[in-house]
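What follows is a set of notes on a single structure, which appears directly below.
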Amino acid sequence: MSKVKRTIVVKGIGRVKRAPDQMELGLVVQTREKEYEQTIEKADASICKLNAAMVSEGVELEDIKTSNLSIQAEYENAQDARGNYVRRFVGYLCEHEMMIRVPLDLSLLGRLLRAISQTNAHPQLSIRFTVKDKKSVVHELLASAAEDALEKARVLAEASGVTLGKLMHVEDDWQEAVIFSPTNMRVSEAMAMKDRHLAITPEDMDVSHTVRFVWAIE
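First residue of the sequence shown: 77, per the working numbering; consecutive thereafter.
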């Protein structure tokens, strides 16, 4: 009869703290018109103005990406002559979502906000701060989790009077880490500051991730 192997299970917690070095500007342009062709033409005109405004401030055109584009018919509930509610077509809505990723530069951010406001495209705007090399953050997180788990396993083995054996299993239920600074800028604040120097310092990112390790013990 085979002897049941004794094991020790430890959860390693990886932590990485980094200062952001990249800005992500999210823009959503909404266009409503009665006719489909007019909706598309007006939306395209707004996007062209925004692209031109950002390029004029030094942003490369390839750094301006479309993250989502939707065009849908809109309806409203209205009463007919008999008082019955009917679904009535009112026009089309086009939503064009853009993402701009550029190096962290608050002077550039101020100029971009000013340029965007002058287009009269009136996009919804969000600003986040992150790092460009997210893969290195992930690698550092996993390495940190492994180091933390090994240290815990050694302490537990010594305290329990057993010898730590070979690593039997690693379980990592990886989900995309949220690698962003806690600092967010609300649209109203951002546009109000468009003519001022942006005297802000984004918070460092503090990212954590947990990995499960199983060691044999002797």
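By construction, the Cβ of each residue, glycine as well, lies at the ideal position given by its N, Cα and C atoms.
Please read all numbers here as calculations on a predicted model, not as lab measurements.
- Unbroken beta strand (DSSP E) runs of length 3 or more, entirely within the segment 204-251: which are they? The segment 204-251 contains these whole beta strand (DSSP E) runs: 240-247.
- Under the three-state DSSP convention, the category T277 falls into: Here residue 277 refers to the residue found at position 201 of the sequence shown. Reduced to three states, the DSSP call for T277 is coil.
- Message: Going by C-alpha to C-alpha distance, which of W250, E173, L188 and A121 sits closest to P179?
- Response: The sequence position of residue 179 within the sequence shown is 103, counting from 1. Residue L188 is the option with its Cα nearest to P179.
- Item | Segment contact, 8 angstroms Cβ cut-off, at least three pairs: the segment 138-146 with the segment 213-226 | Judged by Cβ distances under 8 angstroms, the segment 138-146 makes no contact with the segment 213-226, as fewer than three pairs qualify.
- Query: If I293 sits next to R82, beta carbons under 8 angstroms apart, how far is it from one beta carbon to the other, in whole angstroms?
  - Reply: If you number the sequence shown from 1, residue 293 lands on position 217. If you number the sequence shown from 1, residue 82 lands on position 6. Your pair I293 and R82 checks out as a contact, with CB atoms roughly 5 angstroms apart and the cut at 8 angstroms.
- Query: If you draw a straight line from the C-alpha of V162 to the C-alpha of T115, how long is it?
  - Reply: The residue you call residue 162 lines up with position 86 of the sequence shown. The residue you call residue 115 lines up with position 39 of the sequence shown. Put simply, the backbone Cα of V162 is about 24 angstroms away from that of T115.
- Separation of S183 from D209, as counted between CA atoms: Here the question's residue 209 lines up with position 133 in the sequence shown. Here the question's residue 183 lines up with position 107 in the sequence shown. When rounded, the distance between both Cα atoms is 22 angstroms.
- Could you give the distance in angstroms between the alpha-carbon of L240 and the alpha-carbon of I84? As a working mapping, residue 240 is identified with position 164 in the sequence shown. As a working mapping, residue 84 is identified with position 8 in the sequence shown. In a straight line, the C-alpha of L240 is about 8 angstroms away from that of I84.
- N-terminal and C-terminal residue of the beta strand (DSSP E) that T107 is part of: Taking the sequence shown and counting its residues from 1, one reaches residue 107 at position 31. Where T107 is concerned, the enclosing beta strand (DSSP E) stretches over Q98 to E109.
- Where R288 and S220 are concerned, what is the direct C-alpha to C-alpha distance, given to the nearest angstrom? Mapped onto the sequence shown, residue 288 falls at position 212. Mapped onto the sequence shown, residue 220 falls at position 144. When rounded, the distance between both Cα atoms is 13 angstroms.
- Message: What residue range does the alpha helix (DSSP H) around K118 cover?
- Response: Working through the sequence shown from its first residue, we reach residue 118 at position 42. Where K118 is concerned, the enclosing alpha helix (DSSP H) stretches over Y112 to S132.
- Message: Once the 5 residues before and after Q106 are set aside, which same chain residues still bring their CB inside 6 angstroms of it?
- Response: Sequence index remark: in the sequence shown, residue 106 carries index 30 (1-based). The beta carbon of Q106 sits closer than 6 angstroms to the beta carbons of E171 from its chain, once the five residues preceding and following it are set aside; these are given in chain order.
- Message: According to DSSP, is I192 part of a helix, a strand, or is it coil?
- Response: Translated into the one-based positions of the sequence shown, residue 192 becomes position 116. Shown here, I192 sits in a helix according to DSSP, grouped into three states.
- Using a Cβ-Cβ cut-off of 6 angstroms (strictly less than) and excluding sequence neighbours within five positions of R228, which residues of its own chain qualify? In the sequence shown, the residue the question calls residue 228 occupies position 152. The sequence shown places Lys at residue 228, rather than the Arg named in the question. Within the same chain, K228 has close Cβ partners V86.
- Message: Mapping the DSSP letters down to three states, classify G186 as helix, strand or coil.
- Response: Within the sequence shown, numbered from 1, the residue matching residue 186 stands at position 110. Here G186 carries a helix assignment [DSSP, helix/strand/coil].
- Query: Hey, T286 and I123: beta-carbon distance below 8 angstroms or not?
  - Reply: In the sequence shown, residue 286 corresponds to position 210, counting from 1. In the sequence shown, residue 123 corresponds to position 47, counting from 1. No; because the gap between Cβ atoms is not below 8 angstroms, this pair is not in contact.
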